[in-house]
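K.L.:
One structure coming up, written as structure tokens, with questions to follow.
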Amino acid sequence: MLDFLFVAVVIGIVYFWWSRRNHVKTVSTDDLKRRIAEERNIQLLDVREPHEYRGGHIKQAKNLPLSGFGNAQAKYPKEKERPVYVICQSGMRSQRAAAMLKSAGYTDVYSVKGGMNFWRG
């Protein structure tokens, strides 16, 4: 019984550590609108494919599709200490891209909850 309890505790600790390691903060579209209004040179990445981006995007957003994200480090925002906001269509791709940015050393990364589906601009 103690062996089972010990294994369960170890698995719990590893799971907690792993889930927190790539934890990405989120921001609502309303909060993003406020931050765009407050911050002159916001670092906002739209990780949708080019045809999605052309179909409508936030004016301040730079298109950097998730499909080529790993190979596009030269196009990443230059200032790793400033906040970076990542948006996609629904919030799934932006979560993945934000985790990749965190792994690349960006310290303040946000995924936009609901993505462009929730954007009313």
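Residue numbers (this note's numbering): 1380 to 1500.
Note that CB positions come from ideal geometry on N, CA and C, so glycine has one too.
All of these numbers come straight from a predicted model, not from anything done at the bench.
#1: Our contact map puts Ser1490 next to Ser1473 with C-beta atoms below 8 Å; I'd like the distance itself, whole angstroms only.
#2: For the beta strand (DSSP E) containing Tyr1432, name the first residue and the last one.
#3: Of all Cβ atoms in chain D, is any one closer than 8 Å to the Cβ of Leu1411?
#4: For Asn1442 and Pro1456, what's the separation of their Cα atoms in angstroms?
#5: Comparing alpha-carbon positions, which option in Glu1460, Lys1459, Ile1415, Gly1447 lies nearest Lys1438?
#6: Report the residue ranges of all beta strand (DSSP E) runs contained in full by the segment 1446–1482; include only those spanning at least 3 residues, in chain order.
#7: Identify, in the order they occur along the chain, each residue of the same chain with its Cβ nearer than 6 Å to the Cβ of Ser1398, setting aside the five sequence neighbours on each side.
P.N.:
Taking the structure as given:
#1: Along the sequence shown, one-based indexing puts residue 1490 at 111. Along the sequence shown, one-based indexing puts residue 1473 at 94. That belief holds up - the Cβ atoms of Ser1490 and Ser1473 are roughly 4 Å apart, short of 8 Å.
#2: Residue 1432 sits at position 53 when you count from the first residue of the sequence shown. Not the beta strand (DSSP E): Tyr1432 falls in the alpha helix (DSSP H), residues 1429–1433.
#3: This model lacks chain D altogether; it includes just one protein chain.
#4: Working through the sequence shown from its first residue, we reach residue 1442 at position 63. Working through the sequence shown from its first residue, we reach residue 1456 at position 77. In a straight line, the C-alpha of Asn1442 is about 12 Å away from that of Pro1456.
#5: Locating residue 1438 in the sequence shown gives position 59, counting from the first residue. Nearest of Glu1460, Lys1459, Ile1415, Gly1447 to Lys1438, Cα basis: Ile1415.
#6: 1463–1466
#7: Here residue 1398 refers to the residue found at position 19 of the sequence shown. A caution first: Ser1398 carries a pLDDT of 49, below 50, which makes its placement in the model unreliable, though a value can still be read off. So the list is empty, once near-sequence residues are dropped.
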